[in-house]
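Quick note on the UniProt record's numbering: the sequence shown kicks off at 1 and runs consecutively. The C-beta atom is built at its ideal place from N, Cα and C for all residues, glycine as well.
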Amino acid sequence: MSDITLSRAADYGRLTSIRATRPEEIAEAAARRQRRGMPAEGERLLIIAADHAARGALGVRDRPLAMASRVDLLDRLRLALSRPGVDGILASPDVLEDLLLLGALEDKLAFGSMNRGGLQGSVFELDDRFTGFDADSIQAMRLDGGKMLCRIDPTDHATVATLESCARAVTDLARRRLVAMVEPFWSARSESGALRNDLSPEAVIRSISIAQALGVTSAYTWLKIPAVPEMERVMAATTLPALLLGGDPPDIDAAYAEWHRAMSLPGVRGLVVGRALLYPPGDDVASAVDGAAALVREARP
Numbered sequence: 001m002s003d004i005t006l007s008r009a010a011d012y013g014r015l016t017s018i019r020a021t022r023p024e025e026i027a028e029a030a031a032r033r034q035r036r037g038m039p040a041e042g043e044r045l046l047i048i049a050a051d052h053a054a055r056g057a058l059g060v061r062d063r064p065l066a067m068a069s070r071v072d073l074l075d076r077l078r079l080a081l082s083r084p085g086v087d088g089i090l091a092s093p094d095v096l097e098d099l100l101l102l103g104a105l106e107d108k109l110a111f112g113s114m115n116r117g118g119l120q121g122s123v124f125e126l127d128d129r130f131t132g133f134d135a136d137s138i139q140a141m142r143l144d145g146g147k148m149l150c151r152i153d154p155t156d157h158a159t160v161a162t163l164e165s166c167a168r169a170v171t172d173l174a175r176r177r178l179v180a181m182v183e184p185f186w187s188a189r190s191e192s193g194a195l196r197n198d199l200s201p202e203a204v205i206r207s208i209s210i211a212q213a214l215g216v217t218s219a220y221t222w223l224k225i226p227a228v229p230e231m232e233r234v235m236a237a238t239t240l241p242a243l244l245l246g247g248d249p250p251d252i253d254a255a256y257a258e259w260h261r262a263m264s265l266p267g268v269r270g271l272v273v274g275r276a277l278l279y280p281p282g283d284d285v286a287s288a289v290d291g292a293a294a295l296v297r298e299a300r301p
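Quick look at the structure:
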C-alpha cells in the first residue's frame with residue numbers, strides 16, 4: 001500500500017474515531033476556522049455544491065449511485081476546494097463537518113443546506129421540510145449563510161408549507177445578517193408522478209418573483225437559479241444578486257456555454273455547481289473545476 005493510500009485511509013479513519021469518541025472537536029474546528037469575506041463589488045464566486053445526497057439524490061447522468069461512496073465524494077470535494085479560484089462550498093451538516101475536521105474549509109465561504117426533507121422521487125417531495133441546518137446552527141458554526149430549495153407547484157397543497165418555512169428561514173437568517181440563498185423552481189408532476197422543474201424563462205421569472213418576496217426583508221437574500229434561454233429577461237425580474245446553479249447537465253459543453261452567456265449580466269454573481277464539476281465526463285475533477293474557475297474569472301471586470 002502506498003504512503004498516499006495509507007495517509008488517505010488514516011484521514012478518513014480519524015473522522016469516525018473523532019465522531020465516536022470526541023464529537024466536540026467538530027464545534028472546536030468550526031470555532032477556529034479561518035474565514036474569508038463575501039465578494040467585493042465586481043467579484044464573482046465559484047461555490048461547490050454538495051448537498052444532493054442528503055435528499056437521496058445520488059445519481060449523476062447514467063450512474064444511479066455515483067455519489068454513494070462518502071470517501072470518494074470527500075476526495076473529490078477536497079480536490080475541488082484545493083483548486084485556485086474556488087471560493088467555497090454549499091453542503092449538508094454531515095459533509096461540512098467532515099470537511100471541517102479534514103481542514104479543507106480554511107479561508108473558504110461555507111453555506112449550510114437547510115431543507116432536505118423533500119426526498120427525490122417521494123410522494124412528499126414538495127413537502128420540503130427543514131431537516132438540516134437552521135439559522136441558530138449556521139450562526140453557531142460560523143457559516144456564511146444558509147441555502148433553501150423552494151419548489152412551487154400550484155396544484156400541490158404541500159407548496160404553501162414549504163413557502164412558509166422558507167419565509168421563516170429567510171427572516172431568521174436576515175436577523176443574524178447571514179445570507180439566505182433561495183433556490184426557486186416552478187414545478188409540476190408528470191403523468192408518471194415524477195416531479196419536473198419548468199425551465200422556461202416565464203416559469204423561472206414567476207418563481208423568482210415569489211422567492212424574492214419571502215421573509216420580512218430581502219436585504220440578505222441571494223437567488224440560486226438555472227441558466228436558461230433569454231437570461232436577460234430572467235434577470236430583469238430581480239434586483240437581488242443571483243448565482244447560477246449547475247444541476248446535472250447531459251451536455252457539459254452546452255452548460256458551460258450557457259453559464260458563460262449568463263455570467264455577463266450584471267446581477268449574476270457567480271456559479272454554484274456540484275455534480276457537473278465533481279463527477280464530470282472523463283472524471284477529471286481538476287480540469288472541470290479549473291474550467292469553471294476560468295469562466296468565472298473572465299466574467300470579473
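Quick check on residue i: does DSSP put it in helix, strand or coil?
i	result
R78	helix
E28	helix
E202	helix
P281	helix
M38	coil
T162	helix
T155	coil
A219	coil
M114	coil
Quick check on residue i: buried or exposed, where buried means 16 or more other Cβ atoms within 10 Å of its Cβ?
i	result
H52	buried
L73	buried
G193	exposed
S200	exposed
Q212	buried
S207	buried
R281	The residue asked about is misnamed: residue 281 is Pro in this sequence, not Arg. Result: exposed.
residue 388	The shown model of the chain, from 1 to 301, leaves out residue 388, and the question about it has no answer.
S113	buried
A292	buried
P64	exposed
T239	exposed
S165	buried
A10	exposed
S92	buried
D87	buried
A255	buried
How about residue i and residue j: do their beta carbons lie closer than 7 Å?
i	j	result
D135	L109	As written in the sequence, residue 135 is Ala, which differs from the Asp given in the question. Against a cut-off of 7 Å, the Cβ pair of L109 and A135 comes out as no contact.
Q34	D107	yes
L100	G270	no
A161	T221	no
L79	A50	no
G145	L178	yes
C151	F185	Checking the displayed sequence, the identity of residue 151 turns out to be Arg instead of Cys. Closer than 7 Å, so yes.
A262	M231	yes
A167	I205	no
I89	I48	yes
Taking the C-alpha atoms as reference points, what is the distance between residue i and residue j?
i	j	result
R82	A66	Before going further, note that residue 82 is Ser rather than Arg in the sequence given. If you take the alpha carbons of S82 and A66, they lie about 22 Å apart.
P241	S209	13 Å
A68	S218	36 Å
E97	G118	22 Å
S226	M235	Correcting the residue identity first, residue 226 is Pro in this sequence and not Ser. The alpha-carbon atoms of P226 and M235 are separated by roughly 11 Å.
M148	R8	33 Å
Y12	V216	42 Å
R61	R22	38 Å
L277	V296	14 Å
G274	G246	6 Å
A40	R142	20 Å
A31	R55	28 Å
D284	H260	21 Å
S287	E125	34 Å
T159	Q139	27 Å
E24	R14	14 Å
L244	E191	29 Å
S17	A257	44 Å
L175	A169	The displayed chain sequence assigns Arg, not Leu, to residue 175. Between R175 and A169, the C-alpha separation is close to 10 Å.
S137	A57	24 Å
F111	G37	13 Å
G267	Q120	30 Å
E298	D253	17 Å
V59	Y279	The question names Val, yet the displayed sequence has Gly at residue 59. Going by the C-alpha atoms only, they are around 10 Å apart.
T171	D94	24 Å
R233	L265	11 Å
Excluding the 5 residues flanking residue i on each side, which residues of the same chain have their C-beta closer than 8 Å to its C-beta?
i	result
A188	D153, T155, L195, R196 and D198
D248	G59, V60, R61, R275 and A276
So, for residue i: in the same chain, excluding its five sequence neighbours on each side, which residues have a beta-carbon less than 6 Å away from its beta-carbon?
i	result
V71	Y12
V123	none
A29	L100 and L101
E183	L149 and K224
V289	A80, R83 and L277
Using 7 Å as the limit for Cβ to Cβ distance, is residue i near chain B?
i	result
D284	Although the question refers to chain B, the structure presented lacks it and comprises just one protein chain.
Using a Cβ-Cβ cut-off of 7 Å (strictly less than) and excluding sequence neighbours within five positions of residue i, which residues of its own chain qualify?
i	result
G85	L46, A293, V296 and R297
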